[in-house]
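Read through the structure below, which is laid out as structure tokens, and then see the notes.
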Amino acid sequence: MARARRPAGQATRGKTAANRLRRLDAYLAACESSLLRRGPEPLVVDLGFGATPGTTVEMADRLAQVASVRVVGVEIDRDRVAAAASAERSGLSFVLGGFDFETETPATIIRALNVLRQYDEAEIVPAWTQLGERLVDGGLLVEGTSDPHGRLMVVNLLRRRDDRLEHEGVLFSVRLTADFHPRDLQAVLPKNLIHHVVPGEPVHELFDDWSSCWQRARTRRSFGQRAVLDESLRLLADGPHRLDPRRWLARRGFVLWRGLGDDPGAGLAEPSPLTALAAPGRRQGGLRSGSDRTRR
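Here the sequence shown is numbered in the working numbering, starting from 16 and rising by one per residue.
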């Protein structure tokens, strides 16, 4: 008999905590509701759910409040898939797979959190490529990293358009119930960005400018962290960084960065085919940073 093909990828440590990805689920439910309602029971994939299926179950529960979706948890470890079977129910299942997972229909959303940080940076784009091929047109790949309890999180948002994957932005998420500084987020940058917080790189300039604006905004700290964040983003909008203008995002602890470099979009090539993506930390290789050029 032919030996079964090994799924593409590596097993993660598998550790997670209840509600670790709650904020990301809330963002998807609020900002991707139309995608979640596309067709009968659109497919949502949670890649690398870990040693226990808790965060996948939570995701299914939260998205069910928005639309009737099917959620599939994918794991490369057979024992984890077997252990998760007891949590299966109508609209929620678990399968063996990696970046090359197979499902009956393409996914509308793929969530891959705390999966790629253990890889070399050169392996990130090939992984994105494989996952992008498993999305419907207009589907979203959400890939990034959080701290152990989900207080801090940074994710890449990548949208499939025909046979191309566009980098729509980087979503920063922070719980505003505790003291916070923008540089705290550097510790949870995704692998494609974490080594690029150096002079000359767009993400370095963002953190430098944001930190300066944060210091100025701390005059509002008596009104709480939410007020400081909102004021820091208002000040930051005067610079070259393209931020999503929706104020309600900041009030909930989200910052969506859509710009790279001093002149947003300048010098960036049109998005390349899925097989020829480039990491968004640099102005090279043909990956576009979204099409929305609206400033705050």
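C-beta atoms are modelled at their ideal positions from N, C-alpha and C, and glycine is treated no differently.
- Ranked by how close their Cα comes to the Cα of alanine 137, the residues Arg176, Ala98, His210 have His210 in first place.
- Note on geometry: alpha-carbon atoms of arginine 273 and leucine 167 lie some 19 Å from one another.
- In the displayed model, glycine 147 falls within a helix according to three-state DSSP.
- Distances from the CA of glutamate 119 to each of Val59, Thr144, Glu183, Asp178 were compared; the closest alpha carbon is that of Val59.
- For isoleucine 209, the enclosing alpha helix (DSSP H) begins and ends at 206 to 209.
- Contact check for arginine 126 against aspartate 223 fails: the beta carbons are separated by 8 Å or more.
- Of the candidates Asp194, Leu204, Trp225, Gly54, the residue whose Cα lies closest to the Cα of leucine 131 is Leu204.
- Your pair glycine 165 and leucine 156 does not check out as a contact, with CB atoms roughly 19 Å apart and the cut at 8 Å.
- Glycine 65 and threonine 234 have their C-alpha atoms roughly 42 Å apart.
- Between leucine 43 and isoleucine 124, the beta carbon gap of about 6 Å places them in contact (Cβ cut-off 8 Å).
- Measuring C-alpha to C-alpha distances from glycine 113 to each of Leu271, Arg104, Ile91 identifies Ile91 as the nearest.
- Valine 243 sits in a helix when the DSSP states are folded into three classes.
- Around the beta carbon of phenylalanine 187, a 10 Å sphere encloses 16 or more other beta carbons of the protein chains shown; the residue is thus reported as buried.
- Distance check between aspartate 177 and each of Ser226, Ser108, Asp135, Leu150 places Leu150 closest, using alpha-carbon atoms only.
- Checking the DSSP bridge columns, you'll see valine 140 has no partner listed.
- Within the same chain, Cβ atoms closer than 6 Å to the Cβ of valine 170 are found at Val157, Gly159, Leu186, the five residues on either side in sequence being excluded.
- Judged by beta-carbon spacing, glutamine 230 lies beyond the 8 Å limit of valine 212, meaning their Cβ atoms are not closer than that value.
- Note on geometry: alpha-carbon atoms of aspartate 194 and glutamine 240 lie some 7 Å from one another.
- Just so you know, the alpha carbons of arginine 104 and aspartate 259 end up roughly 37 Å apart.
- Within the model, the alpha-carbon separation for leucine 172 versus leucine 264 is close to 15 Å.
- Taking a C-beta distance under 8 Å as the contact criterion, glutamate 56 and valine 81 do not qualify as a contact pair.
- The Cβ atoms of arginine 198 and glycine 268 lie no closer than 8 Å to each other.
- When Gly106, His196, His182, Ala97 are compared, the shortest CA-CA separation from tryptophan 143 is found for His182.
- Methionine 74 is bridged by DSSP to nothing; it lacks a bridge partner.
- Just measuring C-alpha positions, the residue of Gly69, Ala102, Gly153 sitting nearest leucine 36 is Gly69.
- Annotation: proline 121 to valine 89 spans about 14 Å, alpha carbon to alpha carbon.
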